[in-house]
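Visitor: Residue numbers (numbering that gives the first Met the number 0), protein chains in the order written: chain A, 0 to 457; chain B, 0 to 457.
For reference, the structure I am asking about is given below.
There are 2 protein chains.
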Amino acid sequence: MSLSTVLSHVDAQLPAALDRLSGLLRIPSISTDPAHANDCDAAANWLVSELKSLGIKAEKRATPGRPMVVGHAAGPGPHLLFYGHYDVQPVDPLDLWHTDPFAPQVQETPKGRVIRARGSSDDKGQLMTFIEACRAFKDVNGHLPCRITFFFEGEEESGSPSLIPFMRDNASELSADLALICDTSMVAPGVPSIASQLRGMLKDEFTIHGPRIDLHSGHYGGPALNPLREIARLIASFHDDRGRVAVEGFYEGVHEVPAELLRQWQSVGFDEHDYLSSVGFTQSHGEAGYSTLVQQWARPTLEINGLWGGYQGAGSKTVIPSEAHCKLTCRLVGDMDPDSLREKVRKHVEDRLSPDAKITWDQDLEGSPAAVMNTARPEFEAARQALSDEWGREAVFTGMGGSIPIAGYFKQILGLDAMLIGFANEDDAIHSPNEKYNVESFHKGIRSWARVLDTLAR
Amino acid sequence: MSLSTVLSHVDAQLPAALDRLSGLLRIPSISTDPAHANDCDAAANWLVSELKSLGIKAEKRATPGRPMVVGHAAGPGPHLLFYGHYDVQPVDPLDLWHTDPFAPQVQETPKGRVIRARGSSDDKGQLMTFIEACRAFKDVNGHLPCRITFFFEGEEESGSPSLIPFMRDNASELSADLALICDTSMVAPGVPSIASQLRGMLKDEFTIHGPRIDLHSGHYGGPALNPLREIARLIASFHDDRGRVAVEGFYEGVHEVPAELLRQWQSVGFDEHDYLSSVGFTQSHGEAGYSTLVQQWARPTLEINGLWGGYQGAGSKTVIPSEAHCKLTCRLVGDMDPDSLREKVRKHVEDRLSPDAKITWDQDLEGSPAAVMNTARPEFEAARQALSDEWGREAVFTGMGGSIPIAGYFKQILGLDAMLIGFANEDDAIHSPNEKYNVESFHKGIRSWARVLDTLAR
Numbered sequence: 000m001s002l003s004t005v006l007s008h009v010d011a012q013l014p015a016a017l018d019r020l021s022g023l024l025r026i027p028s029i030s031t032d033p034a035h036a037n038d039c040d041a042a043a044n045w046l047v048s049e050l051k052s053l054g055i056k057a058e059k060r061a062t063p064g065r066p067m068v069v070g071h072a073a074g075p076g077p078h079l080l081f082y083g084h085y086d087v088q089p090v091d092p093l094d095l096w097h098t099d100p101f102a103p104q105v106q107e108t109p110k111g112r113v114i115r116a117r118g119s120s121d122d123k124g125q126l127m128t129f130i131e132a133c134r135a136f137k138d139v140n141g142h143l144p145c146r147i148t149f150f151f152e153g154e155e156e157s158g159s160p161s162l163i164p165f166m167r168d169n170a171s172e173l174s175a176d177l178a179l180i181c182d183t184s185m186v187a188p189g190v191p192s193i194a195s196q197l198r199g200m201l202k203d204e205f206t207i208h209g210p211r212i213d214l215h216s217g218h219y220g221g222p223a224l225n226p227l228r229e230i231a232r233l234i235a236s237f238h239d240d241r242g243r244v245a246v247e248g249f250y251e252g253v254h255e256v257p258a259e260l261l262r263q264w265q266s267v268g269f270d271e272h273d274y275l276s277s278v279g280f281t282q283s284h285g286e287a288g289y290s291t292l293v294q295q296w297a298r299p300t301l302e303i304n305g306l307w308g309g310y311q312g313a314g315s316k317t318v319i320p321s322e323a324h325c326k327l328t329c330r331l332v333g334d335m336d337p338d339s340l341r342e343k344v345r346k347h348v349e350d351r352l353s354p355d356a357k358i359t360w361d362q363d364l365e366g367s368p369a370a371v372m373n374t375a376r377p378e379f380e381a382a383r384q385a386l387s388d389e390w391g392r393e394a395v396f397t398g399m400g401g402s403i404p405i406a407g408y409f410k411q412i413l414g415l416d417a418m419l420i421g422f423a424n425e426d427d428a429i430h431s432p433n434e435k436y437n438v439e440s441f442h443k444g445i446r447s448w449a450r451v452l453d454t455l456a457r
Numbered sequence: 000m001s002l003s004t005v006l007s008h009v010d011a012q013l014p015a016a017l018d019r020l021s022g023l024l025r026i027p028s029i030s031t032d033p034a035h036a037n038d039c040d041a042a043a044n045w046l047v048s049e050l051k052s053l054g055i056k057a058e059k060r061a062t063p064g065r066p067m068v069v070g071h072a073a074g075p076g077p078h079l080l081f082y083g084h085y086d087v088q089p090v091d092p093l094d095l096w097h098t099d100p101f102a103p104q105v106q107e108t109p110k111g112r113v114i115r116a117r118g119s120s121d122d123k124g125q126l127m128t129f130i131e132a133c134r135a136f137k138d139v140n141g142h143l144p145c146r147i148t149f150f151f152e153g154e155e156e157s158g159s160p161s162l163i164p165f166m167r168d169n170a171s172e173l174s175a176d177l178a179l180i181c182d183t184s185m186v187a188p189g190v191p192s193i194a195s196q197l198r199g200m201l202k203d204e205f206t207i208h209g210p211r212i213d214l215h216s217g218h219y220g221g222p223a224l225n226p227l228r229e230i231a232r233l234i235a236s237f238h239d240d241r242g243r244v245a246v247e248g249f250y251e252g253v254h255e256v257p258a259e260l261l262r263q264w265q266s267v268g269f270d271e272h273d274y275l276s277s278v279g280f281t282q283s284h285g286e287a288g289y290s291t292l293v294q295q296w297a298r299p300t301l302e303i304n305g306l307w308g309g310y311q312g313a314g315s316k317t318v319i320p321s322e323a324h325c326k327l328t329c330r331l332v333g334d335m336d337p338d339s340l341r342e343k344v345r346k347h348v349e350d351r352l353s354p355d356a357k358i359t360w361d362q363d364l365e366g367s368p369a370a371v372m373n374t375a376r377p378e379f380e381a382a383r384q385a386l387s388d389e390w391g392r393e394a395v396f397t398g399m400g401g402s403i404p405i406a407g408y409f410k411q412i413l414g415l416d417a418m419l420i421g422f423a424n425e426d427d428a429i430h431s432p433n434e435k436y437n438v439e440s441f442h443k444g445i446r447s448w449a450r451v452l453d454t455l456a457r
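Okay, structure coming up:
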């Protein structure tokens, strides 16, 4: 049968699909709270049962934490791995909810119909868009259009401690041609988006050691090396007066945004003024010559996240402390290498240390490169076209300022490119009271996946 | 009778004087601990009785806290006000004491005889040097050589909350020609010292406000104004690369040390290398062109005492905080005016603020000018000669890096110049376990005061 028959079926089945989603939303699968371990188990069972109802071989798989769900559907076409998570955030403060977070309701709002419940957007509603698209193919054609491996975890909201070991232990079972992830937002309402570049991250922390002990500033103020002044000077040296990072070699591996991608980004209606003024700024304070959106998606940063030393209590204390501390993170883009970057940042600081200042670095290191998807693969352009067709406006390859570790893990552990397509909106209140998912997101999300699966199957 | 008779009497009476001091040391007059309020009362009574035994009209005077002791001795010559304090620091950690802190013992040590007890140096031993000198005059001549007002407080170790109100309420009773204070150290062992200039202090605190709320550094890193970077840049701007404070007009009112005073300072055997290396430094980090001693005594400073913002816990948090905080103190010398200096420091910061950064300043302000004694008064040079005669080496007018508020209060409230003469040594372990006072300090201290009183009486 043709795609249009499948899409019509999706339209007709929307009330039933919302009912099924509600069934999953009723399960309070809060992964971080051990009191809800049974509920996470119940959500996993629910998904296994849902997949089996599509004729898919599926099972719950134990981990030291919450269980995984893995399902395998035979089919023609390419082999896809679909990822989502069934666990949800805690609901407190509960008194700010206007409805029971685990009693989903479809409500009319000034901005259209929504389904309101914890997890409606993050991520139960999103993952169900994919399952419902599969159900439509199954109902209409009797089988799925592609070979698909389903992979759901139940610890995404609590740090995914079991994810990497499970992926390593089951790498061959989870192998595929391409990963699909439905856990992201649209860049603006109604603008279909494929996140094709996620910034990486480097974390580091250092302590400046000055005098052997805390000193009295009346006795040693002046002659003493004050670690607070030292650390301020070092931090001030990280950036030049045009907002560029002054660490030698920092920008190695950074690429300018291709003109075609820049054109797509300029089309999304990102309002730099609104974005900045919403948090109290009248202007951008970042790298000169780059728009705020380009800075967020495609430029590296070095930011200070914590800084402390000396006396912080009420009143004053005339101390020159023996130590000062700094926590920093870098966001990485393009081909920037976290290990090499760490060396450069550390060298920058150590080259500028005053005599008698000593430095210690945190040994608990973390670093991940940027995840830049290979959008030259034909599947990416095909999916972009499918999304454009569904939403009636050009879909865009977007960047993301934050990091989504799962995309990096797919690449590192399974060697898989990931295509991140999501239909959430920025106002969905994920992690907050009164979380909702637009019924439009759910409905057009299902239709979007139907179109994407149809085009990938060709 | 002649001075030499008085001095011989002091020598002969030393064992008895040590006994009397021991009587005072046995009273655990810890002012900060309400459980010892009665002990403070007992120490005040002890002093009243001691003064009365010299024929001095003395009484305990109630305050909202611990009592004052005021005594008046008629006499020829100038009118002197002598200040000391009978309260002591707490003794914990008690297990580090080798003897009972309130069972004074005279001990032989490799560095000579000491009397060991809490308060032996700070300040009971010191104040008793003056009383014992008076006793010697009384015993030998039947009267004191000068008119003397005795003024002892019992809250010096707990912030002196009653001192200023008491001085204001009793200003005429406490008026005199010159104040004498015995609560300081000798600049080096065996080097008699008159502290003639104490640095003043300005305290201030500011908060830099950036974004309206804490931001995610993945989303806003770069375009956002990061208060931690802002405050580091501001702090780094306070000093130039020669260690001078870069605040415009900061050095107004600062005078170079007169050549004669510098000569005295150079004679004291201050070992810059030892002073710095004892706290871990191989060199001075202060103002180029000034010795460490001159920096400490006669140069102003601007030091950062506390600095904080963002995340300080374990691990990392990708936050751009909305605020950053800084506590600072300046040390003032010469004629620097604290109010004017505060304006200059604030202007320096505000002139350098980035757009969108806001600043708030602490409103709980404190500032005191330097206390520079009028050493041109003949009493100062006379006292210096008397001390030189006693110790067999030239006495010096010294500076002090820290502040002794009492000297400023005498000037502000009573209009009195103060002469600070003390016989403590840096190794006396005041405020620490096993506090001691050298018997030499006690003995020669009594003799020193006898010589000073004798010369002032002329």
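All residues carry an ideal CB built from backbone N, CA and C; glycine is no exception.
Would you decide whether Glu259 of chain A is buried or exposed? Buried here means 16 or more other CB atoms lie within 10 Å of its CB.
Guide: In the first sequence, counting from the first residue as 1, residue 259 of chain A sits at position 260. The residue in question, Glu259 of chain A, is exposed, as its Cβ has fewer than 16 Cβ neighbours within 10 Å.
Visitor: How many angstroms separate the CA atom of Leu386 of chain B from the CA atom of Cys39 of chain B?
Guide: Reading the second sequence from its first residue, position 387 is the one you call residue 386 of chain B. Reading the second sequence from its first residue, position 40 is the one you call residue 39 of chain B. Their Cα atoms are separated by approximately 32 Å.
Visitor: Measure the alpha-carbon distance for Tyr310 of chain B versus Asp239 of chain B and round it to whole angstroms.
Guide: As a working note, residue 310 of chain B is residue 311 in the second sequence. As a working note, residue 239 of chain B is residue 240 in the second sequence. Cα to Cα, Tyr310 of chain B sits roughly 29 Å from Asp239 of chain B.
Visitor: With a cut-off of 8 Å on the beta carbons, I'd call Leu23 of chain B and Ala42 of chain B a contact; round off their distance for me.
Guide: The sequence position of residue 23 of chain B within the second sequence is 24, counting from 1. The sequence position of residue 42 of chain B within the second sequence is 43, counting from 1. Sure, about 7 Å apart at Cβ, within 8 Å.
Visitor: What residues of chain B sit near Glu286 of chain A, judged by a beta carbon separation below 9 Å?
Guide: Translated into the one-based positions of the first sequence, residue 286 of chain A becomes position 287. Under the 9 Å cutoff, chain B gives Gly221 and Pro222.
Visitor: Which of the three DSSP states, helix, strand or coil, is assigned to Glu302 of chain B?
Guide: Taking the first residue of the second sequence as 1, we reach residue 302 of chain B at position 303. In this structure, Glu302 of chain B counts as strand in the three-state DSSP scheme.
Visitor: With a cut-off of 8 Å, do at least 3 Cβ pairs link the stretch 417 to 426 of chain A to the stretch 175 to 182 of chain A?
Guide: Contact holds: three or more Cβ-Cβ distances are below 8 Å.
Visitor: Would you kindly work out how many angstroms separate the C-alpha atoms of His347 of chain B and Leu301 of chain B, rounded to a whole number?
Guide: Here the question's residue 347 of chain B lines up with position 348 in the second sequence. Here the question's residue 301 of chain B lines up with position 302 in the second sequence. Roughly 12 Å between the two C-alpha positions.
Visitor: Consult DSSP for Asn433 of chain A and reduce its assignment to one of helix, strand or coil.
Guide: Numbered from its first residue, the first sequence carries residue 433 of chain A at position 434. Residue state, collapsed to three classes: coil.
Visitor: Would you check if the distance between the CB atom of Ala57 of chain A and the CB atom of Gly70 of chain A is smaller than 8 Å?
Guide: Sequence index remark: in the first sequence, residue 57 of chain A carries index 58 (1-based). Sequence index remark: in the first sequence, residue 70 of chain A carries index 71 (1-based). Yes, Cβ-Cβ distance for Ala57 of chain A and Gly70 of chain A is below 8 Å.
Visitor: If the cut is a Cβ gap below 7 Å, which residues of chain A does Tyr310 of chain B touch?
Guide: Looking up residue 310 of chain B in the second sequence gives position 311. The answer, in chain order, is Asn304, Gly305 and Lys326.
Visitor: Any beta carbon from chain A within less than 8 Å of His218 of chain B's own beta carbon?
Guide: Taking the first residue of the second sequence as 1, we reach residue 218 of chain B at position 219. His218 of chain B counts as touching chain A.
Visitor: Runs of 4 residues minimum, wholly inside the stretch 338 to 426 of chain B: which ones carry the alpha helix (DSSP H) assignment?
Guide: As far as the stretch 338 to 426 of chain B is concerned, its whole alpha helix (DSSP H) runs of at least 4 residues are 377 to 390 and 404 to 413.
Visitor: Does chain B have any CB closer than 8 Å to the CB of Leu92 of chain A?
Guide: Here residue 92 of chain A refers to the residue found at position 93 of the first sequence. According to the sequence as given, residue 92 of chain A is Pro; it is not Leu. Cβ-Cβ to chain B under 8 Å: no for Pro92 of chain A.
Visitor: If distances are taken between C-alpha atoms only, which option among A:Gly252, A:Ser192, A:His78 and A:Pro222 comes closest to Glu380 of chain A?
Guide: Position 381 of the first sequence, counting from 1, holds the residue named residue 380 of chain A. Considering only alpha carbons, the answer is A:Ser192.
Visitor: Would you mind telling me which residues of chain B sit closer than 7 Å to Arg211 of chain A, beta carbon to beta carbon, in chain order?
Guide: Here residue 211 of chain A refers to the residue found at position 212 of the first sequence. Simply Val278 and Gly279.
Visitor: So, for Ser402 of chain B: in the same chain, excluding its five sequence neighbours on each side, which residues have a beta-carbon less than 7 Å away from its beta-carbon?
Guide: For the purposes of this step, residue 402 of chain B is taken as residue 403 along the second sequence, with counting starting at 1. Counting only Cβ-Cβ distances below 7 Å, and skipping sequence neighbours, we find Leu197, Arg198, Gly199, Met200 and Ser367.
Visitor: Could you check the C-alpha separation between Ala15 of chain B and Ile147 of chain B for me, to the nearest Å?
Guide: The residue labelled residue 15 of chain B in the question sits at position 16 within the second sequence. The residue labelled residue 147 of chain B in the question sits at position 148 within the second sequence. Roughly 23 Å between the two C-alpha positions.
Visitor: Using beta carbons (cut-off 8 Å, strictly below), is Thr128 of chain B in contact with chain A?
Guide: Locating residue 128 of chain B in the second sequence gives position 129, counting from the first residue. Not closer than 8 Å to any Cβ of chain A, the Cβ of Thr128 of chain B fails to qualify, so no.
Visitor: Taking Cβ positions only, does Asp355 of chain B come closer than 8 Å to chain A?
Guide: Taking the first residue of the second sequence as position 1, residue 355 of chain B is located at position 356. Interface residue, yes.
Visitor: Compare the C-beta of His142 of chain B against all C-beta atoms of chain A and say whether one is closer than 8 Å.
Guide: By 1-based counting over the second sequence, the position of residue 142 of chain B is 143. It does not: the Cβ of His142 of chain B has no partner Cβ on chain A nearer than 8 Å.
Visitor: Compare the Cα-Cα distances from Ser276 of chain B to each of A:Arg211, A:Ser447, A:Pro432 and A:Pro144 and report the closest residue.
Guide: Working through the second sequence from its first residue, we reach residue 276 of chain B at position 277. Checking every option, the nearest Cα to that of Ser276 of chain B belongs to A:Arg211.
Visitor: What are the boundary residues of the beta strand (DSSP E) that Ser195 of chain A is part of?
Guide: Here the question's residue 195 of chain A lines up with position 196 in the first sequence. First-last of the beta strand (DSSP E) with Ser195 of chain A: Ser192 to Leu197.
Visitor: For Leu162 of chain B, go through chain A and note every residue whose CB falls closer than 9 Å to its CB, in chain order.
Guide: Against the second sequence, residue 162 of chain B aligns to sequence position 163. Residues of chain A passing the Cβ test: none, with the nearest at roughly 18 Å.
Visitor: What separation, rounded to the nearest whole angstrom, lies between the Cα atoms of Glu155 of chain A and Lys357 of chain B?
Guide: Counted from its first residue, the first sequence places residue 155 of chain A at position 156. Counted from its first residue, the second sequence places residue 357 of chain B at position 358. Those two C-alpha atoms are separated by around 38 Å.
Visitor: Are there three or more Cβ pairs, one per stretch, closer than 8 Å when the stretch 440 to 454 of chain B is compared with the stretch 121 to 140 of chain B?
Guide: Yes, the stretch 440 to 454 of chain B is in contact with the stretch 121 to 140 of chain B.
Visitor: So the beta strand (DSSP E) Arg232 of chain A belongs to, where does it begin and stop?
Guide: To locate residue 232 of chain A, count along the first sequence from 1; it is residue 233. Arg232 of chain A -> not in any beta strand (DSSP E); alpha helix (DSSP H) instead, spanning Pro226 to Ala235.
Visitor: Along the stretch 413 to 426 of chain A, what residues have a CB closer than 7 Å to any CB found in chain B?
Guide: Cβ contacts with chain B: none found.
Visitor: Would you check if the distance between the CB atom of Trp390 of chain A and the CB atom of Gly141 of chain A is smaller than 8 Å?
Guide: Along the first sequence, read from residue 1 onward, the residue named residue 390 of chain A stands at position 391. Along the first sequence, read from residue 1 onward, the residue named residue 141 of chain A stands at position 142. For Trp390 of chain A and Gly141 of chain A, no; Cβs fall outside 8 Å.
Visitor: Going straight from the alpha carbon of Leu292 of chain A to that of Phe396 of chain A, what length do you get?
Guide: For the purposes of this step, residue 292 of chain A is taken as residue 293 along the first sequence, with counting starting at 1. For the purposes of this step, residue 396 of chain A is taken as residue 397 along the first sequence, with counting starting at 1. Whole-angstrom Cα-Cα distance: 13 Å.
Visitor: Would you kindly work out how many angstroms separate the C-alpha atoms of Ser447 of chain B and Met127 of chain B, rounded to a whole number?
Guide: The residue you call residue 447 of chain B lines up with position 448 of the second sequence. The residue you call residue 127 of chain B lines up with position 128 of the second sequence. Distance between the alpha carbons of Ser447 of chain B and Met127 of chain B is about 12 Å.
Visitor: In the DSSP assignment, find the alpha helix (DSSP H) that holds Gln125 of chain A and state where it starts and stops.
Guide: Within the first sequence, residue 125 of chain A is the residue found at index 126, counting from 1. It spans Lys123 to Asn140 - the alpha helix (DSSP H) in which Gln125 of chain A sits, taken as one unbroken run.
Visitor: I'd like to confirm the pairing. Which residues does DSSP put opposite Leu80 of chain B in its beta bridges?
Guide: Here residue 80 of chain B corresponds to residue number 81 of the second sequence, with the count starting at 1. Paired residue(s): B:Thr148 and B:Ala178.
Visitor: In chain order, what residues of the same chain have a beta carbon less than 8 Å from the beta carbon of Ile234 of chain B, not counting five sequence neighbours either side?
Guide: As a first step, residue 234 of chain B is located in the second sequence; it is residue number 235 there, counting from the start. Ile303, Leu306 and Cys325.
Visitor: Taking Lys316 of chain B as the reference, give the member of B:His254, B:Asn433, B:His215 and B:Tyr289 with the closest Cα.
Guide: In the second sequence, counting from the first residue as 1, residue 316 of chain B sits at position 317. Closest by alpha carbon: B:His215.
Visitor: Output needed for Asp91 of chain B: all residues of its chain with C-beta closer than 8 Å, excluding positions within five of it in sequence on either side, in chain order.
Guide: By 1-based counting over the second sequence, the position of residue 91 of chain B is 92. Cβ within range, chain order: n/a, list empty.
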